[in-house]
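In what follows, a structure is listed as C-alpha cells, so that the remarks can point back to it.
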Ligand SMILES: [Mg+2]
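Residue numbers (the numbering used here): 8 to 380.
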C-alpha cells in the first residue's frame, strides 16, 4: 500500500481571535488501495499556518507505506526539526499521524486501540466545562461525573490588556474560593471539580490561590503558572496542597520529559493534536506512568481529536479523565461533520467500535461550512 495524496479541509468553528482565524483542520491521507485515513490537526489559534505545514510535510510521505508510522513520524519530525520542535509543525505532524493510524486500522479491520495494546477500560470518563454553579448543577443532573469550573477572577473581562504573570488581590482570592465552594455545594462530593487558571499568575499568587482552594477538594489545579520554567513550576507544585496538572502547551516526548522527570507537576494533560499524535501520546503517558502520574488529556478543539483521544484513553493504564466539549458548547454542526460522532452514554463516552478511528467526514457538511479564509 502506498500513500498517494494528503488533503486538508478547513471548516468553520466558533473559535477565533481578533486577528487569527482558527477553523477546524481535518486531514485526509489517500492511498493507492482506496483506503482513506482521517486525521485532525485542529489547534487554537491558527488554522491556515498549520494547513501550510501539512501541505509541506505531506510531500515527504507520498509513495510511502502508511503502516510505517514510526519511520514517517521521524521523517517529518527531522525534516523541520530546526524550526519545528513544537507548535505549528508538530500540530501538522499530529494530524497526519492520526490519519495513518486510521488507515492501518481500516486495513486491519481493527479499532486503533486494538493496534496499540488493547483496552484497559471500555468506557471513558470525561469532564465538561462550567462557569457558574448553576451550570455545574445542570451538568451534574445530566450525569457528568467531573467538571472544570472557571471562576471570574481567572478570566478578566474589564477590557484591560492581559499581561502575565498577574498578581491576585485578597478580594479576588476570596471570591474565587466562594465561587468554587458554591460549585461544590451544588454538585456535592460525588462529582469531581477541577479548575484552570491558564498560566495567568505569578508563582507567589499561584501558590496563595492554590492553597486557598484546598478546601474545594480539587481534582486538579490546571496551569497555575506558565510551563516554560520547569523549576518555577516545580516550586509552585511543591508549595500547594492541590494536584497540579500541566501539559497543554507541551509538544512531543521531549517537551514532557523534564516536566515529568523533575516531578514539576502531579499529572499531565497532553493533547493528541499537539504531542505528535496517538503513538507519541502513548509514549508520553508511559513516561508519566513511571513516575506514578495520571493523564488527563487536553481536548477542547474538535470532534475528531476527541475520537482519537478515546482510543488513547482506552489503552493507557494511567488514564484519568478526558476533556470533552459537546455541540451544545460549540458550533452546532460540530457533530454533524462526522458519520459517527463521540457518544455520551450514562455519564461516560462510548468507545468507537468500527475499524480505524471509527468515524468518517460527512463531505456535504464539510462543504457547507468550508472555511474560505
Ligand atoms: Mg487549559
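Positions of the beta carbon are idealized from the N, C-alpha and C atoms, including for glycine. Here the structure is a predicted model, which is why all the values come from computation and not from measurement.
Distance between residue 269 and residue 352 (C-alpha atoms, nearest Å): Across the structure, residue 352 and residue 269 are spaced so that their CA atoms are roughly 38 angstroms apart.
Segments assigned alpha helix (DSSP H), at least 4 residues, entirely inside the segment 155-213: Taken in chain order, the complete alpha helix (DSSP H) segments of 4 residues or longer contained in the segment 155-213 are 177-194.
Own chain, CB closer than 7 angstroms to residue 287, minus 5 neighbours either side, in chain order: The residues are 259, 260.
Residue interval of the beta strand (DSSP E) (run including residue 261): Residue 261 -> not in any beta strand (DSSP E); alpha helix (DSSP H) instead, spanning 259-268.
Per DSSP, cross-strand counterpart(s) of residue 16: Residue 16 pairs with 33.
Heavy atom of ligand 1 within 7 angstroms of residue 203 beta-carbon: Under cutoff, so the answer is yes.
Distance between beta carbons of residue 327 and residue 303, contact taken as under 8 angstroms: Their Cβ separation, rounded to whole angstroms, is 4 angstroms, which keeps residue 303 and residue 327 in contact under 8 angstroms.
Cβ pair count under 8 angstroms reaching 3, the segment 358-367 against the segment 306-320: The answer is yes - the segment 306-320 touches the segment 358-367, with three or more Cβ pairs under 8 angstroms.
Run of the beta strand (DSSP E) containing residue 144, from where it starts to where it stops: Premise fails: residue 144 lies in the alpha helix (DSSP H), 140-148, not in any beta strand (DSSP E).
Where the alpha helix (DSSP H) through residue 375 begins and ends: Run containing residue 375: 370-375, per the alpha helix (DSSP H) assignment.
N-terminal and C-terminal residue of the beta strand (DSSP E) that residue 290 is part of: For residue 290, no beta strand (DSSP E) encloses it; the enclosing alpha helix (DSSP H) starts and ends at 285-296.
Any 3 or more C-beta pairs closer than 8 angstroms across the segment 122-141 and the segment 185-203: They touch, by the three-pair rule.
Rounded distance between the beta-carbons of residue 126 and residue 354, thought under 8 angstroms: Rounded, the Cβ-Cβ distance is 18 angstroms, inconsistent with contact.
Assumed close pair residue 227, residue 251 - CB separation to whole angstroms, cut-off 8 angstroms: Between residue 227 and residue 251 a beta carbon distance of about 7 angstroms is seen, short of the 8 angstroms cut, so the two are scored as contacting.
Rounded straight-line distance, which links the Cα of residue 93 to that of residue 65: Cα-Cα distance, rounded: 18 angstroms.
When 225, 372, 256 are compared against residue 342, the one with the closest alpha-carbon: Ranking the options by Cα distance to residue 342, first place goes to 372.
Inter-residue spacing [alpha-carbon to alpha-carbon] between residue 397 and residue 199: Residue 397 cannot be examined here, being either before or after the span of the chain that is shown, 8 to 380.
Inter-residue spacing [alpha-carbon to alpha-carbon] between residue 322 and residue 357: If you draw a straight line from the Cα of residue 322 to the Cα of residue 357, it is about 14 angstroms long.
Neighbourhood of residue 135 by C-beta distance below 7 angstroms, restricted to the same chain and skipping five residues each side: If you ignore the 5 residues before and after residue 135, its C-beta comes within less than 7 angstroms of the C-beta of 146, 151, 154, 331, all in its own chain and listed in chain order.
Status (buried if at least 16 other CB within 10 Å, exposed otherwise) for residue 289: Looking at its Cβ environment, which holds 16 or more other Cβ atoms inside 10 Å, residue 289 is buried.
Closer than 7 angstroms: residue 230 CB and nearest ligand 1 heavy atom: For ligand 1, at least one heavy atom lies less than 7 angstroms from the Cβ of residue 230.
Reduced DSSP category for residue 28 - H, G, I as helix; E, B as strand; rest coil: In the three-state scheme derived from DSSP, where H, G and I count as helix and E and B as strand, residue 28 is classed as strand.
Residue interval of the beta strand (DSSP E) (run including residue 135): If you look at residue 135, you'll find it in the beta strand (DSSP E) that goes 130-137.
Among 34, 71, 246, the one whose alpha carbon lies nearest that of residue 368: That would be 34, whose Cα lies nearest to the Cα of residue 368.
Ligand 1 heavy atom lying under 7 angstroms from the CB of residue 379: No - ligand 1 has no heavy atom lying nearer than 7 angstroms to the Cβ of residue 379.
N- and C-terminal bounds of the alpha helix (DSSP H) containing residue 111: It spans 95-115 - the alpha helix (DSSP H) in which residue 111 sits, taken as one unbroken run.
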